[in-house]
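Here the structure is laid out as structure tokens; the discussion comes afterwards.
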Amino acid sequence: MFGIGPLELVVIAIVAVLVFGPDRLPEFARTAGRLLRQVRQMVNNAQNDLRSELGPEFADLELQDLNPKNFVRKHLLDPMDEDEKPVTEFTDSVPERLPAGQRPPYDPEST
Numbered sequence: 273m274f275g276i277g278p279l280e281l282v283v284i285a286i287v288a289v290l291v292f293g294p295d296r297l298p299e300f301a302r303t304a305g306r307l308l309r310q311v312r313q314m315v316n317n318a319q320n321d322l323r324s325e326l327g328p329e330f331a332d333l334e335l336q337d338l339n340p341k342n343f344v345r346k347h348l349l350d351p352m353d354e355d356e357k358p359v360t361e362f363t364d365s366v367p368e369r370l371p372a373g374q375r376p377p378y379d380p381e382s383t
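Positions 273 to 383 (the numbering used here) are the ones given, in order, by the sequence shown.
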């Protein structure tokens, strides 16, 4: 879940016993469990409020989709909506070729 292995859990348990003592450790474990349950309930309530405020068009919204990493990955790996017809004509913004020896036009705003 948090990238904590079994050895780290054992070390945390030993430190907890040393810091809190064996008498108060069950009380702290119950308090931590209640706190975790309340945090989960608050997160679920926030998700439900968000879904109800956004309306039915966002009913299938997943909060994991809002993660920037997932957003970028989704748009990079999905095929792009490309036009099937290639561009065959040039636009007016492409200048014509100048004849050999002719100087290009001077634009005072560009220098």
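From the three backbone atoms N, C-alpha and C, an ideal C-beta is built for every residue, glycine too. Note that the coordinates shown come from a computational prediction; the quantities given were computed from them, not determined experimentally.
Is DSSP giving residue i helix, strand or coil here?
| i | result |
| --- | --- |
| GLN374 | coil |
| ARG323 | helix |
| ILE276 | coil |
| GLU299 | helix |
| ASN317 | helix |
| ASN342 | helix |
| ARG369 | coil |
May I have the straight-line CA-CA distance separating residue i from residue j, to the nearest angstrom?
| i | j | result |
| --- | --- | --- |
| ILE284 | PHE300 | 14 Å |
| LEU338 | ALA372 | 56 Å |
| ILE286 | GLU280 | 10 Å |
| ALA318 | LYS341 | 22 Å |
| THR303 | PRO278 | 22 Å |
| PRO376 | SER382 | 13 Å |
Quick one: what's got a C-beta closer than 8 Å to residue i's C-beta in the same chain, skipping five residues either side?
| i | result |
| --- | --- |
| ALA288 | LEU297 and PHE300 |
Using C-beta distances below 6 Å, list every residue in its chain close to residue i, excluding the 5 sequence neighbours before and after it, in chain order.
| i | result |
| --- | --- |
| ASN320 | none |
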